[in-house]
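Take the sequence shown: its position 31, counted from the start at 1, is 31 in UniProt numbering, and no numbers get skipped.
The beta-carbon is built from N, C-alpha and C at its ideal position, and this holds for glycine as well.
Working notes for the structure below.
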Amino acid sequence: MVKLRLKRCGRKQRAIYRIVAIDVRSRREGRDLQKVGFYDPIKNQTYSNVPAILYFLEKGAQPTGTVHDILRKAEFFKEFRVSFDKKERKNKSHE
1 MVKLRLKRCG
11 RKQRAIYRIV
21 AIDVRSRREG
31 RDLQKVGFYD
41 PIKNQTYSNV
51 PAILYFLEKG
61 AQPTGTVHDI
71 LRKAEFFKEF
81 RVSFDKKERK
91 NKSHE
């Protein structure tokens with residue numbers, strides 16, 4: 001299974017995160033399938049490669065909670081009408 005999650009980059013005390021499509025079994029700094037954006041929490045900047053994210057979401061990739069929140073704040077889901085609700089995903093997994 002593929003997930004969209006954060007990969008830590010940068011130096012000590014100055015973390016920058018890449019948003020990557022990566023296999024679930026890989027570790028945090030493991031080999032990613034594709035880089036689809038980045039997030040800088042210090043400057044509160046986000047860049048996302050929209051066609052790549054849409055491609056992976058259509059193929060069944062699941063964003064982690066943090067990536068979902070970052071994309072929601074960037075109004076990604078409003079613009080492209082992608083229906084991902086964390087509560088719905090949690091309820092489906094418990095059924």
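Continuous alpha helix (DSSP H) assignments of at least 4 residues falling wholly in the stretch 11-84 | 50-58, 65-73 and 76-80
Buried or exposed (CB count within 10 angstroms, at least 16 for buried), Val67 = buried
With a threshold of 16 other CB atoms inside 10 Å of the CB of Arg8, please say whether the residue is buried or exposed.
-> exposed
Let me know if Gly37 comes out buried or exposed under the rule of 16 or more other beta-carbons within 10 Å of its beta-carbon.
-> buried
Leaving out five residues on either side along the sequence, give the residues of the same chain with a beta carbon under 8 Å from the beta carbon of Gln34.
-> Val20, Ala21, Ala52 and Phe56
Looking at C-alpha atoms only, which residue of Lys59, Ala74, Ile70 and Leu54 is the closest neighbour of Tyr17?
-> Ile70
Taking C-alpha atoms, which residue in Asp40, Asp23 and Val24 lies nearest to Arg11?
-> Asp40
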